[in-house]
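What follows is a single structure, written as structure tokens, with notes after it.
Residue numbers (this note's numbering): 70 to 227.
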């Protein structure tokens, strides 16, 4: 990969990598570390990418793997509370803050597929491939996440 390609991929996908890492780790500092690590791995990668979507999917997979390894580390920091995370992301409306806080309050098992489905617009099959789980597991996690969110948002509006 030449320098121009790398710069284009970095510019196009660094925000995506940050959002995926933040969604997984619930820590802005860990998400920033993930961006640096993933971009370094991309730069050093010898992989041949077929197209833009292949690069995007590769970067998300590397991000998730990095975050999983980070969460296993003994020096792991406690996650930032969802309310504090909402302060680090610019929102236009109060409803967006409430939704973001509710999503970030979900367990990682449900939060990540939900994020990939609604924000990154991956299909159930693609999410299954990215997370190395079956399509039925993805569907179940999405369904349970929606139920949890519905309950949380109804509770918040009362």
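Glycine residues also receive a C-beta, built at the ideal position from the N, C-alpha and C atoms.
At the level of alpha carbons, what is the spacing between residue 11 and residue 166? Residue 11 lies beyond the range of the chain shown here (70 to 227); nothing can be said about it.
So, using beta-carbon positions, are residue 213 and residue 179 closer together than 8 Å? Reading the chain shown from its first residue, position 144 is the one you call residue 213. Reading the chain shown from its first residue, position 110 is the one you call residue 179. With respect to the 8 Å criterion, residue 213 and residue 179 are classified as neighbours on the basis of their beta carbons.
Under 8 Å between the Cβ atoms of residue 93 and residue 204? Within the chain shown, residue 93 is the residue found at index 24, counting from 1. Within the chain shown, residue 204 is the residue found at index 135, counting from 1. In this structure, the beta-carbon distance from residue 93 to residue 204 does not fall below 8 Å.
Shortest alpha-carbon distance to residue 129 belongs to which of 173, 184, 115? Counted from its first residue, the chain shown places residue 129 at position 60. If we check each option's Cα against that of residue 129, 184 comes out closest.
Can you grab the Cα-Cα spacing for the pair residue 168 / residue 120, in whole Å? Within the chain shown, residue 168 is the residue found at index 99, counting from 1. Within the chain shown, residue 120 is the residue found at index 51, counting from 1. Each residue's Cα considered, the two are about 33 Å apart.
Is the beta carbon of residue 107 closer than 8 Å to that of residue 124? By 1-based counting over the chain shown, the position of residue 124 is 55. By 1-based counting over the chain shown, the position of residue 107 is 38. Cβ atoms of residue 124 and residue 107: not closer than 8 Å.
Exposed or buried, residue 216, counting other C-beta atoms within 10 Å across all chains shown (16 or more means buried)? Residue mapping note: residue 216 aligns to position 147 of the chain shown, counting from 1. Counting of Cβ neighbours within 10 angstroms places residue 216 among the exposed residues, the total staying below 16.
Suppose the cutoff is 6 Å on Cβ atoms and the five residues either side in sequence are ignored; what does the same chain contact list for residue 79 look like? What you label residue 79 is simply residue 10 of the chain shown in a count that begins at 1. So the list reads 108, once near-sequence residues are dropped.
Between the alpha carbons of residue 208 and residue 170, how many angstroms are there, rounded? As a position in the chain shown, residue 208 is number 139, starting the count at 1. As a position in the chain shown, residue 170 is number 101, starting the count at 1. Our two residues, residue 208 and residue 170, have alpha carbons roughly 22 Å apart in a direct line.
Alpha carbon to alpha carbon, how far is residue 143 from residue 127? For the purposes of this step, residue 143 is identified with residue 74 of the chain shown, where counting begins at 1. For the purposes of this step, residue 127 is identified with residue 58 of the chain shown, where counting begins at 1. Because residue 143 carries a pLDDT of 43, less than 50, the predicted location of this residue cannot be relied on, and no value is offered for it.
Is there a Cβ from chain B that is less than 8 Å from the Cβ of residue 119? Checking the listed chains, one finds no chain B in this structure; it contains a single protein chain.
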